[in-house]
Each structure stands twice: as C-alpha cells, then as structure tokens.
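Please read the structure below before turning to the comments.
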Amino acid sequence: MTNQTRNAGVTYRRMTEDDLPSAHELSQAVYWAHRLEDWQLMHRLGTGFVAQENGTLAGTGLCWIFGNTHASLGMIIVSSERQGKGIGRELMNLVLEELGERCILLTATPVGQPLYEKLGFVPTGTVDHHQGMMQQPSPLALAAGERIHPVAAGDLQALAALATRALGMPREEFMAQVLNVAEGVLIEKDGEAIGFSIMRPSGLGRVIGPVVAPDTQRAKALIAHWARTYSGSFVRVDVTGESGLGTWVESLGLALAGPSVRMVRGQAPVSDDTVKQYAIFSQALG
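Quick note on the UniProt record's numbering: the sequence shown kicks off at 1 and runs consecutively.
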C-alpha cells in the first residue's frame, strides 16, 4: 500500500524491517529512549505505517492485534520539521483503518488526550512512569507455600493464561515473543503459578513489566526481586494508577517522571477480578 494523495508530497506505506533504523533515529530526535532492538520487537509483534517526504522518513504509526476483537496502537511520531502538516493524523487514520471494528487501546499524554477523544477514545485510567537508580527494598515475606523462581521454558502457557486473565484479551503470542528477549520470574503457591513479572533491557537501562499478581503484596514481592537483582542499575517501571504502588516504587529510588492516560475506543476488555496487571509492558503494548 502506497498513498501519495492524502498529503501533497508525502507518501504513506506499510513499514518494513528496512525502515527500523530510520524509525529509531526519528524516535531519538524527539527524545524517546527506545533502542533499535525495541523497534525490532515492536515490529515483530505488530504492523505499522510510515510517512515519507522527499525520500526521508517523516513519521511512524504502529499497531498490535490481540485475538479477533482487541488491539492497541502507539509510536505515532512525526519529525519536528514536518509537524503541522496533518501527517500524524493521517498515520492515525491508517492505523485505525487497519484495526477496523476492534476494541482499541492506547496510552496518551495529557496533551494528546483531546485529539484521541475527538477520534472516539475515552479515558479508562492512568499509568505513572517511574524511573531512576534502583535501590534495595526492605524485606518482603511471602505466605506459606509460596516461592519466587525464574521462568522456565515450560512456564509459557501458565504465564500467558495469567496475562490473558489480567487484561481480558489474548496474550499468548505476545508473551512468547517477550520471553525470547527478557527475563522472568513467577510466584508459585503450592505448585501453581499465581503471578509473574518480566525484566528486559530497554531505553536507558532496564524496564520492569508486565507485573501480574493477585494482590498488591505479591506485586511488590515480584518487583522487589528485580530491585535486589539490579540494585544500582537504571530501571523504569510504569505502574497503573489504581495499583497503589506509586509511593512504594518511589522508595526504591524510582521517581515519578510523568503520568499518562489509558484510553479505549469500543467495548473495553473485561479482566478477571482475581488477578491484575500492576505494571504494564510498555505504553504502546499495554
């Protein structure tokens, strides 16, 4: 698909792997901390569109499909020199056309929220971005019969099931790809997986997420595992506004860097009340 009619002089087409180095440069130019490897993972998990002007990458927009009825979108970036030409809006339109009638999730900055509301998105909650040099946590005890241990190859099905319940949409393929590039630990209770957390290289250091657990105490225990393992390292974690973890995360040296707004268009996913996602994987992928 190539389209040159919607903005004079601007070409729109599907993103290919060859576009990723230029997309990475574009995100660096607007001070987003994504690595080339982050772009490669996002592209493997989904699809995207690019805008080109005079042979130069001018903008990007990506989306990810989860089953037949859910999707998310993100990485809507336009170079500073080409803003104000409607490129971002056109990329957004292409992504929305790609996703059709699915329920669509996104994470918006407070500045971008009004634009998305005009496109039919409504706020459903907040995400708080914390980052800093991670410090050792105070000891956290698990209940009798519980233990935390590294994720093994045979744990994928259990983790995918927990993630799917926590978000209310399929996460099997997503979790399989994530575990190829990340470390994971899970909490078992009497031999059954009841929660997990992921740590991966990203941006300026490492990122914790997703964190899926039955309650706040187990979520803290999962994050504390990484705090002990990577004490003194630069770490980011994006916790949900309703997680109740903000103050505790700050005690680990991860200062609040900024809030974002979770939004949805269509019928929001219905999650399982017995397990929740306390920290997201990323603002684009949820």
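We put the CB at the ideal spot given by N, CA and C, even for glycine.
Distance, residue j Cα to residue i Cα
| i | j | result |
| --- | --- | --- |
| residue 274 | residue 166 | 8 Å |
| residue 298 | residue 283 | A question about residue 298 goes unanswered here, because the residues of the chain that appear run from 1 up to 286. |
| residue 30 | residue 106 | 19 Å |
| residue 263 | residue 122 | 5 Å |
| residue 139 | residue 110 | 36 Å |
| residue 70 | residue 108 | 18 Å |
| residue 289 | residue 125 | Here the chain covers residues 1 to 286 and nothing more, so residue 289 does not appear. |
| residue 98 | residue 58 | 20 Å |
| residue 96 | residue 280 | 22 Å |
| residue 179 | residue 154 | 11 Å |
| residue 12 | residue 26 | 16 Å |
| residue 4 | residue 20 | Note on residue 4: pLDDT 48, under 50, position unreliable in the model; no value is reported. |
| residue 223 | residue 9 | 48 Å |
Check whether residue i and residue j have beta carbons under 9 Å apart
| i | j | result |
| --- | --- | --- |
| residue 159 | residue 186 | yes |
| residue 131 | residue 231 | no |
| residue 252 | residue 72 | no |
| residue 194 | residue 213 | yes |
| residue 15 | residue 48 | yes |
| residue 203 | residue 44 | no |
| residue 233 | residue 206 | yes |
Endpoints, the beta strand (DSSP E) within which residue i is located
| i | result |
| --- | --- |
| residue 34 | Premise fails: residue 34 is in no beta strand (DSSP E) and is neither H nor E. |
| residue 146 | 146-150 |
| residue 132 | 122-133 |
| residue 62 | 56-66 |
Residue closest to residue i, alpha-carbon to alpha-carbon, out of the options
| i | options | result |
| --- | --- | --- |
| residue 46 | 40, 64, 89 | 64 |
| residue 157 | 140, 173, 168 | 173 |
| residue 146 | 196, 59, 256 | 196 |
| residue 257 | 220, 264, 263, 133 | 133 |
| residue 52 | 86, 214, 72 | 86 |
| residue 245 | 127, 59, 171, 9 | 127 |
| residue 235 | 248, 215, 201 | 201 |
| residue 276 | 218, 36, 228 | 218 |
| residue 208 | 84, 238, 270 | 238 |
| residue 189 | 32, 267, 149 | 149 |
Opening and closing residue of the alpha helix (DSSP H) in which residue i lies
| i | result |
| --- | --- |
| residue 88 | 87-99 |
DSSP state of residue i mapped onto helix, strand, coil
| i | result |
| --- | --- |
| residue 174 | helix |
| residue 274 | coil |
| residue 111 | coil |
| residue 204 | coil |
| residue 249 | helix |
| residue 13 | strand |
| residue 4 | With a pLDDT of 48 at residue 4, under the threshold of 50, the modelled position of that residue is not reliable, and the figure given next carries that caveat. It is a strand residue. |
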